[in-house]
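Here the structure is laid out as structure tokens; the discussion comes afterwards.
Residue numbers (our numbering), protein chains in the order written: chain A, 8 to 574; chain B, 8 to 574.
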């Protein structure tokens with residue numbers, strides 16, 4: 008077999024990159040782009056076959072191309088909005104002259120699958136149905152990182168479903184969710200995997216969902232409510248600020264001059280107060296008018312939540328002119344006091360401000376802030392305090408009032424109600440029972456197969472190397488022959504190898520003669536195959552058996568070995 | 008299963024495109040780029056698994072990326088010379104801003120595999136070895152055509168081998184050749200497949216070899232010597248012009264004025280002679296000096312042969328100035344008579360001219376041609392008559408003196424002695440037994456898996472549709488249920504379906520109720536699964552069995568069916 012462990016002590020930016028490269032599983036062709044060496048391809052194939060088996064229970068496999076004509080992506084305008092989209096075009100003059108066209112290199116396949124599905128489906132009898140593929144995807148990442156966790160070229164399973172109505176979509180959504188958890192179970196990841204609500208993007212007012220594997224090198228922050236087993240991606244986690252009630256005397260309202268004091272950090276230093284005594288007020292443009300959003304100084308505004316609270320289709324930080332017009336001041340002095348009442352402003356005050364006493368706000372006057380504000384005395388509280396803040400560690404889950412558990416997660420999969428976005432763009436309608444034309448509902452469901460290979464290493468390793476779960480290990484048995492210069496030992500080792508293979512067991516046989524025992528053992532630990540068997544002069548008729556996940560070493564007969572491994 | 012046969016009567020530019028699209032195997036995303044629908048993916052997977060099984064006997068599978076840094080391709084300068092090479096770069100401003108880099112989209116993987124191999128191999132003990140992959144390739148074809156035969160995105164198996172010396176490379180070359188013929192045998196293509204010599208390109212003075220499947224829609228013209236079973240691609244076929252000897256009286260030499268008469272067609276009309284009476288003389292630049300190449304008027308010069316005859320590294324049609332200087336005339340009047348003797352010209356006269364009498368040549372004088380030239384009388388024959396012509400139908404194989412059989416071929420695979428081209432570029436040396444640094448020899452071996460799917464359809468079809476060989480058929484049995492509104496029949500059909508599946512047989516079950524029998528039968532013929540079984544009211548307890556490749560229909564018991572299919 009081609010490939011070797013690497014002696015280099017070079018550390019890469021993640022555990023999975025370091026161990027997979029040192030173990031001879033992958034080779035880095037460039038940042039975010041890897042070759043799967045024979046050992047690594049075996050693992051990837053096992054992961055993809057588990058995914059395939061589960062997907063075949065609920066869908067039908069096909070294979071779409073990576074190249075697509077630009078026209079398809081212009082239909083949805085995503086050719087202009089996806090910031091990681093690649094194009095393919097001639098690299099040199101000869102090639103450009105031969106064919107000057109440019110194509111999209113798909114990072115996802117809604118633009119390809121929707122017209123195909125449309126071409127095959129004419130009536131309600133054809134719906135619902137789904138198709139999936141396991142294929143290579145391309146993303147022009149600025150900073151690929153963490154080995155197989157975020158690449159420019161990676162393997163992915165993507166499934167697309169098509170439905171006569173939203174209920175059918177919701178039913179299938181649950182089918183896929185269950186199927187995914189079967190996959191995580193077979194991969195040994197179920198206990199670490201959280202079904203987390205995430206942003207629905209442009210597609211839906213509802214959430215999409217991510218399958219987040221708890222993992223220190225993950226990119227996402229997960230807010231988990233243990234009591235009811237509900238998890239959220241930080242970007243959408245509903246939250247209450249903890250310890251909100253403050254017991255202190257009301258102090259006299261004060262207008263403070265502070266030239267060019269803008270931003271919470273500078274302000275806190277200047278006023279010698281904590282961020283929890285300040286507020287942060289931002290002005291937004293939106294399709295429903297100008298919005299004022301205010302959160303406690305130690306929080307940030309969550310635009311997704313603001314958008315939903317305002318029932319807006321879009322929100323965007325207001326331009327300088329708008330801010331000046333609304334506040335009557337330069338940018339940086341907006342506050343909730345003394346806002347004009349004649350401009351139709353919609354004001355959203357976060358609940359983190361609700362219980363504050365003697366708090367600060369911008370004075371809506373250049374270079375001025377107001378301190379020691381108190382509700383009722385200085386300003387009437389709004390009818391509703393909203394949750395428009397970005398959640399942070401320590402926040403409470405509103406339903407239980409208890410603190411979230413927070414941890415990093417790596418997104419292994421996601422499921423997404425696309426609803427009618429793509430069917431609308433591609434005019435994908437069907438005839439219902441009465442012959443009426445109705446729009447098709449769609450869902451999409453991703454699963455990062457190469458990323459999961461990286462996640463598995465992040466989860467299952469120790470100081471010596473990888474500890475593969477049995478279902479994805481490149482081989483079941485790592486057979487090490489020692490003292491192979493001794494003809495008797497060599498014969499025995501070869502015999503055991505053949506017997507194992509004959510029994511249908513996948514064996515990696517280390518029959519190198521020039522390598523010392525210690526190096527063979529550390530290679531075995533690094534590679535992480537579940538069962539290590541050693542045959543040497545010392546072991547006589549028996550075999551030294553060790554599980555990678557345990558320290559115990561047993562001297563057992565071949566039959567015992569076989570039983571244990573086959574079990 | 009997703010996908011349907013297409014009713015459209017649209018014909019595509021090839022049998023394979025038409026039948027595969029109509030049959031619901033593939034869908035065209037754009038010219039030269041196809042989606043493999045579930046039915047088609049099953050066929051592709053079967054082909055690739057056959058290839059994989061045979062390759063695993065002689066090599067080790069890995070998976071290289073499609074993206075590569077430009078730097079790797081600059082090492083060999085092929086980034087500037089391959090005229091179908093794609094690059095990948097950001098498609099929109101957002102993406103370009105995020106990452107302005109450009110990457111090569113590999114059309115072949117020598118530039119990727121050589122540094123990987125080098126990084127793992129340090130001594131003679133590591134050699135020889137090989138690796139292969141089955142992967143998606145990209146080519147910026149100007150005019151993709153013939154369905155799966157020539158695409159911009161296609162599936163391919165590519166194998167690369169590494170050797171301590173040229174003999175080891177030659178040995179392995181034969182190993183791969185044998186392995187390929189095992190594959191063709193399993194695909195049902197062996198009897199149509201020819202091992203044809205082709206150009207060695209820049210890599211070798213020897214030939215490379217192509218596995219050409221005789222096929223009317225093939226792009227190559229194959230010259231086959233039946234006596235000794237040797238085949239050549241037209242581009243390298245050695246040849247003798249047939250019926251070369253002419254018996255006629257010598258006529259008087261004549262200089263003919265013909266203003267602007269350039270080119271064989273015009274000349275023949277003007278002189279009222281056949282092209283076989285004319286000669287075509289071209290002036291070339293080369294690394295060994297200026298070459299004069301002359302062939303009979305009905306032939307073209309084969310630059311590859313000329314290069315070899317002249318022992319040149321490169322040849323290129325000479326510039327206008329050179330031609331004027333050499334011939335003393337405008338372009339179009341070069342001939343073999345009266346060439347200057349003081350310019351070091353190297354003259355190559357093709358054997359097709361050897362037996363001519365009273366033939367024409369350019370006069371090396373603007374607007375003049377000379378006719379009725381005869382050897383000895385007007386010009387001394389050269390010491391050697393060369394074979395520098397492009398072979399054409401009817402030509403003789405020089406070894407036997409008998410006419411070639413010629414036919415079109417589609418290249419299903421090729422094997423290529425790369426020798427030291429890439430190891431030199433990447434400084435890939437190894438230490439031999441004595442510690443001396445020696446260059447590594449390499450070979451590359453391609454096999455077009457998706458193209459072979461197209462070739463199979465070209466070979467195995469009739470007026471009604473495809474006739475898949477059993478090893479690659481998407482299913483073994485096409486089970487058609489008729490009269491399924493009858494509960495008894497439906498129960499029986501379902502039972503047979505389950506029994507077949509239970510017996511480990513792949514079954515496509517047409518259980519559609521709304522479709523008429525005739526349509527189901529024509530779908531079955533179009534799809535081309537080897538065994539058609541029909542269960543209907545009429546068949547009672549028996550099953551109507553028909554092989555796709557035969558006309559005969561039998562009414563047999565389930566057990567008989569099973570035996571026949573399992574056999």
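Beta carbons: idealized from backbone N, C-alpha and C, even for Gly.
Predicted model, so just to flag it, every value in this text is computed and none were measured.
Handout entry: Among B:197, B:280, B:233 and B:97, nearest to residue 377 of chain B - alpha-carbon criterion
Key = For residue 377 of chain B, the closest alpha carbon among the candidates B:197, B:280, B:233 and B:97 is that of B:280.
Exercise for the section: Output yes or no for whether 9 angstroms exceeds the beta carbon distance between residue 160 of chain A and residue 144 of chain A. Expected result: Pairing residue 160 of chain A with residue 144 of chain A gives a Cβ-Cβ distance under 9 angstroms.
Handout entry: Own chain, CB closer than 6 angstroms to residue 49 of chain B, minus 5 neighbours either side, in chain order
Key = Excluding residues within five positions, the ones whose Cβ falls inside 6 angstroms are 481.
Handout entry: Of the residues B:419, B:370, B:430 and B:444, the one placed nearest residue 202 of chain B, counting alpha carbons only
Key = The candidate whose alpha carbon is nearest that of residue 202 of chain B is B:419.
Problem - Terminal residues of the beta strand (DSSP E) in which residue 88 of chain B lies - result: It is not in any beta strand (DSSP E) - residue 88 of chain B instead sits in the alpha helix (DSSP H) that spans 85-88.
Problem - First through last residue of the beta strand (DSSP E) which encompasses residue 227 of chain A - result: Per DSSP, residue 227 of chain A belongs to the beta strand (DSSP E) from 227-232.
Exercise for the section: Answer with buried or exposed for residue 394 of chain B, where buried requires no fewer than 16 other C-beta atoms within 10 angstroms of its C-beta. Expected result: That one is buried.
Practice task
Go through the region 51-88 of chain B residue by residue and report every complete run of the alpha helix (DSSP H) that reaches 4 residues or more, in order.
Solution key: Segments of the alpha helix (DSSP H) lying fully in the region 51-88 of chain B: 77-83 and 85-88.
Practice task
Would you please verify whether the beta carbon of residue 484 of chain A is less than 9 angstroms from any beta carbon of chain B?
Solution key: False, the Cβ-Cβ gap to chain B never drops below 9 angstroms.
Handout entry: Contained beta strand (DSSP E) runs [length at least 3] in the region 468-512 of chain B, N- to C-terminal order
Key = Unbroken beta strand (DSSP E) runs of no fewer than 3 residues, entirely contained in the region 468-512 of chain B, are found at 484-488, following chain order.
Exercise for the section: Enumerate in chain order the residues of its own chain whose CB-to-CB distance from residue 18 of chain B is below 8 angstroms, with the five nearest sequence positions on each side excluded. Expected result: 25, listed in sequence order.
Handout entry: Cβ contact check for the region 292-301 of chain A and the region 310-320 of chain A: 3 or more pairs under 8 angstroms
Key = These segments touch.
Handout entry: Pairwise C-alpha distance: residue 101 of chain A and residue 108 of chain B
Key = Distance between the alpha carbons of residue 108 of chain B and residue 101 of chain A is about 21 angstroms.
Handout entry: Sequence-distant residues of its chain with Cβ nearer than 8 angstroms to residue 496 of chain A (five each side left out)
Key = Around residue 496 of chain A: 488, 489, 490, 542, 543 and 544.
Practice task
With residue 413 of chain B as the anchor, note down where its beta strand (DSSP E) starts and where it stops.
Solution key: According to the DSSP assignment, residue 413 of chain B belongs to the beta strand (DSSP E) that extends over 412-426.
Problem - Within chain A, the residues that residue 143 of chain B reaches when beta carbons sit closer than 7 angstroms - result: The answer, in chain order, is 73 and 143.
Practice task
Kindly say whether residue 536 of chain A, judged by its beta-carbon, lies nearer than 9 angstroms to any beta-carbon of chain B.
Solution key: Under the 9 angstroms criterion on CB atoms, residue 536 of chain A is classed as non-interfacial with respect to chain B.
Problem - Length of the line joining the Cα atoms of residue 1 of chain A and residue 272 of chain A - result: The structure shown does not extend to residue 1 of chain A, since chain A spans only 8 to 574, so no value can be given for it.
Practice task
Give the DSSP-derived three-state secondary structure of residue 540 of chain B in the structure shown.
Solution key: DSSP, read as helix, strand or coil, puts residue 540 of chain B in strand.
Practice task
Return no unless some Cβ of chain A is closer than 9 angstroms to the Cβ of residue 435 of chain B.
Solution key: No - not a single Cβ of chain A is within 9 angstroms of the one on residue 435 of chain B.
Handout entry: Closest residue to residue 80 of chain A among A:509, A:69 and A:112 (Cα-Cα distance)
Key = Of A:509, A:69 and A:112, the residue nearest in Cα terms is A:112.
Handout entry: alpha helix (DSSP H) segment containing residue 102 of chain B, residue limits
Key = If you look at residue 102 of chain B, you'll find it in the alpha helix (DSSP H) that goes 100-105.
Practice task
Work out the CA separation of residue 76 of chain B and residue 149 of chain A for me, nearest whole Å.
Solution key: Residue 76 of chain B has its alpha-carbon roughly 15 angstroms from the corresponding atom of residue 149 of chain A.
Handout entry: Beta-carbon contacts of residue 329 of chain A that lie in its chain and below 7 angstroms, excluding the five residues immediately before and after
Key = Correct list, in chain order: 290, 292 and 297.
Problem - Close Cβ partners of residue 532 of chain A (< 6 angstroms) along its chain, the five nearest in sequence each way excluded - result: 471 and 472.
Practice task
Using a Cβ cut-off of 9 angstroms (strictly closer), state whether residue 36 of chain A contacts chain B.
Solution key: For residue 36 of chain A, the nearest beta carbon of chain B is closer than 9 angstroms to its own beta carbon.
Problem - Cβ neighbour criterion (16 or more within 10 Å) applied to residue 308 of chain B - result: Taking all protein chains shown into account, residue 308 of chain B has 16 or more neighbouring C-beta atoms within 10 Å of its C-beta and is therefore buried.
Exercise for the section: Quick one: which residues of the region 113-124 of chain A get their C-beta closer than 7 angstroms to a C-beta of chain B? List them in chain order. Expected result: Cβ contacts with chain B: 119 and 123.
Exercise for the section: Would you mind telling me which residues of chain B sit closer than 8 angstroms to residue 106 of chain A, beta carbon to beta carbon, in chain order? Expected result: The contacting residues are 147, 148 and 149.
Exercise for the section: Have a look at residue 224 of chain B and residue 11 of chain B and give me their C-alpha separation to the nearest angstrom. Expected result: The alpha-carbon atoms of residue 224 of chain B and residue 11 of chain B are separated by roughly 26 angstroms.
Handout entry: Contact set between residue 43 of chain A and chain B, taken where Cβ atoms lie within less than 7 angstroms
Key = Per Cβ cutoff of 7 angstroms: 69 and 70.
Exercise for the section: Using a threshold of 9 angstroms, state whether the C-beta atoms of residue 581 of chain A and residue 38 of chain A are closer than that. Expected result: Not covered by the structure: residue 581 of chain A. The range shown for chain A is 8 to 574.
Problem - Of the listed residues B:93, B:167 and B:295, nearest to residue 67 of chain B (C-alpha basis) - result: The option with the nearest alpha carbon to residue 67 of chain B is B:167.
Exercise for the section: Determine the chain A residues that contact residue 481 of chain B at a beta-carbon separation under 7 angstroms, and present them in chain order. Expected result: Listed along chain A is no residue with a C-beta nearer than 7 angstroms to that of residue 481 of chain B; the closest approach is about 12 angstroms.
Exercise for the section: Whole angstroms is fine: what's the gap from residue 408 of chain A's alpha carbon to residue 343 of chain A's? Expected result: The alpha-carbon atoms of residue 408 of chain A and residue 343 of chain A are separated by roughly 27 angstroms.
Problem - chain B within 9 angstroms of residue 95 of chain A, Cβ atoms only - result: In terms of beta-carbon proximity, residue 95 of chain A lines the interface with chain B, with at least one pair separated by less than 9 angstroms.
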